[in-house]
Every structure is written in C-alpha cells, then in structure tokens.
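Residue numbers (the working numbering): 794 to 848. Reviewing the structure listed below.
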Amino acid sequence: KLKTRTEGETKLEEAEKAKAKLEKDKAELERAKGKLEKEKTELEKAKAKVEADYE
C-alpha cells in the first residue's frame, strides 16, 4: 500500500533539494574564488617584475 505524501513531506524534500543545490553552487563559487586569488597573485608578481625592470 502506498502512503500518500503529506504537504509537509513534499515541502521538506523541496527544501532539501534547494539546500543541496545551494551547497553545490557555493562549492563552485569557492573554487572560482580560489582560481581568481591565484590569478591575482600572479598578476601582482608580474606587476612587481615590470616595476623592478623600470627602475
């Protein structure tokens, strides 16, 4: 016999799916942030080298 799902169970499942998606999106943003920070560091090194070459 199939149990009918209550509205509360449906809402809970939807909330859990939304939370999982947010956590996945957050992880992707954290990776992107790390990549940007690495690029920023490389640009700062290049800038320092150019400035040193001009002196």
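For each residue, glycine too, the CB sits at the ideal point set by N, CA and C.
Determine the extent of the alpha helix (DSSP H) in which residue i is found, giving its start and end residues.
i, result
"Thr834", "Glu800 to Tyr847"
Could you tell me the distance, in whole angstroms, from the CA atom of residue i to the CA atom of residue j?
i, j, result
"Lys812", "Lys840", "41 Å"
"Glu800", "Lys814", "21 Å"
"Val843", "Leu836", "10 Å"
"Leu829", "Leu822", "10 Å"
"Lys804", "Thr834", "45 Å"
"Tyr847", "Lys838", "14 Å"
"Lys810", "Lys817", "11 Å"
Are the C-beta of residue i and some C-beta of chain D separated by less than 8 Å?
i, result
"Leu805", "This model lacks chain D altogether; it includes just one protein chain."
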